[in-house]
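Residue numbers (the numbering used here): -1 to 289.
Right, here's the structure in full:
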C-alpha cells in the first residue's frame, strides 16, 4: 500500500508543477447549482473544456484545478478532498479524459461529489445502519438446495469467507436456504456497526458504495481487510451468474462488460475508502523515514 502511495505522491508532485495553459475554460466544471444532485449519478458526456489539470492545497484540504478554475461539485461547492493521494487519483481521472469527458468512468470523482454534497442528507449513523442492513440480504448468506452442483459450489467458495468473518470479528453470521434468509444475531449487527463507526464519513460513503456493488457486507469487509482481492470479491459476488455462464454459455461481450464494469466500480470504491482513511502527515513521515 505504501508503495502505491509513493507512486501517487510522485504523480501529485508532477501535477502540482505542471504549467497552466493559456486556454480559458468556457464552461464551468460542474452542472448548474440548480441541477438536482443524486447520489452516484454523474452527468452526461460533454466535450473536454480544459487543457491542464493540477492540484493545490487549500484551507480545508486538497483542491483540483482545471486550467485556472477550481473544480466544483454539482452542488457548487469547491471540490476539496481530505488527502493528497485522493486528490492525485481524482486529478488523474480528469487528466485521462480525451476529447470527450465520460463521467461514468470517473468513479472517484463521483464518490467525492457524493461525500461533499451529501445529496441524501444522511449522517454517520444512517450510513452505518444502511451498510449493516445488507446482512439481511447478504449474497453469501443466501444458499440454494438445488441444483446440487451450485449448492456445493456455494459451500466451497462462500463458507471460508463467512468463517473468516466470524473469526475476525468474533460474531455469528450463518447461512440459510430459506427465502426469509438467515437469522442474524443482534450482537453481530452491533459488533459490525461498532467496527464501521471507526471509519470517517467519507470512508463510509465508499464502504456503502462497495457493499451496494457486491450486495454483501461480508465480502466488502473481506476486501477492505485485504483478505480478498477485488477479482476474488467480484467473482464471489457473481458466483451464481458465473455458474450459469459455465453451464449455458455467455452472451457475446455482454457478460464480460458487466464483469469488468463491476470490477472497476468495486476497485474504485475500495481505493476511495483506503485513501480517505489515510493520514497525509503520517504517510509523508514514513516516506521520509524510508527514503
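Beta carbons are placed, not taken as given, at the ideal position from N, Cα and C, and that holds for glycine. Being a predicted model, the structure only gives us computed values, none of them experimental.
Minimum C-alpha distance to residue i - residue among the options
i           : options            : result
residue 186 : 247, 236, 127      : 127
residue 78  : 64, 99, 195, 56    : 56
residue 318 : 256, 195, 243      : Any question about residue 318 goes unanswered here, given that the chain covers just -1 to 289.
residue 158 : 146, 145, 139, 143 : 139
residue 81  : 119, 234, 198      : 198
residue 168 : 183, 176, 156      : 183
residue 49  : 89, 195, 274, 84   : 89
residue 109 : 74, 155, 201       : 201
residue 231 : 242, 208, 146, 114 : 208
residue 155 : 165, 141, 166, 145 : 141
residue 117 : 214, 203, 265      : 203
residue 84  : 153, 62, 103, 243  : 62
With 16 other Cβ atoms within 10 Å as the buried cut-off, status of residue i
i           : result
residue 96  : exposed
residue 246 : exposed
residue 206 : buried
residue 192 : exposed
residue 135 : exposed
residue 236 : buried
residue 263 : buried
residue 272 : buried
residue 124 : exposed
residue 58  : exposed
residue 54  : exposed
Residue i versus residue j: straight-line alpha-carbon distance, rounded
i           : j           : result
residue 314 : residue 227 : Lying outside -1 to 289, the shown extent of the chain, residue 314 is not represented and no answer is given.
residue 179 : residue 92  : 43 Å
residue 348 : residue 111 : No statement about residue 348 is possible, as the shown extent of the chain runs from -1 to 289 and does not include it.
residue 270 : residue 86  : 12 Å
residue 25  : residue 68  : In this predicted model, residue 25 has a pLDDT of only 37, less than 50, meaning its place in the structure is not dependable; the value taken from the coordinates is given anyway. So the alpha carbons of these two residues sit roughly 12 Å apart.
residue 60  : residue 47  : 22 Å
residue 218 : residue 229 : 12 Å
residue 143 : residue 76  : 53 Å
residue 175 : residue 98  : 48 Å
residue 275 : residue 52  : 23 Å
residue 72  : residue 148 : 45 Å
residue 43  : residue 101 : 6 Å
Where residue i sits in the DSSP three-state scheme
i           : result
residue 64  : strand
residue 338 : The chain is shown only over -1 to 289; residue 338 falls outside these bounds and no answer can be derived.
residue 182 : coil
residue 224 : coil
residue 177 : coil
residue 231 : helix
residue 197 : coil
residue 55  : strand
residue 99  : strand
residue 236 : coil
residue 120 : coil
8 Å CB neighbourhood of residue i in its chain, flanking five on each side removed
i           : result
residue 20  : Unreliable placement is indicated for residue 20, whose pLDDT of 29 sits below 50; the coordinate value is still reported in the next sentence. Counting only Cβ-Cβ distances below 8 Å, and skipping sequence neighbours, we find nothing.
residue 166 : 219, 223, 225
residue 240 : 233
residue 151 : 237, 241
residue 261 : 228, 229, 232
7 Å CB neighbourhood of residue i in its chain, flanking five on each side removed
i           : result
residue 216 : 136, 138, 159, 160, 163, 171
residue 27  : Only weak support is given to the placement of residue 27: the predicted model assigns it a pLDDT of 39, under 50, and the value that follows is read from those uncertain coordinates. These residues qualify, in order along the chain: 64, 67, 69, 70.
residue 195 : 126
Same chain, Cβ closer than 6 Å to residue i, neighbours up to 5 away in sequence not counted
i           : result
residue 130 : 187, 190, 191
residue 132 : 209, 215
residue 266 : 105, 106
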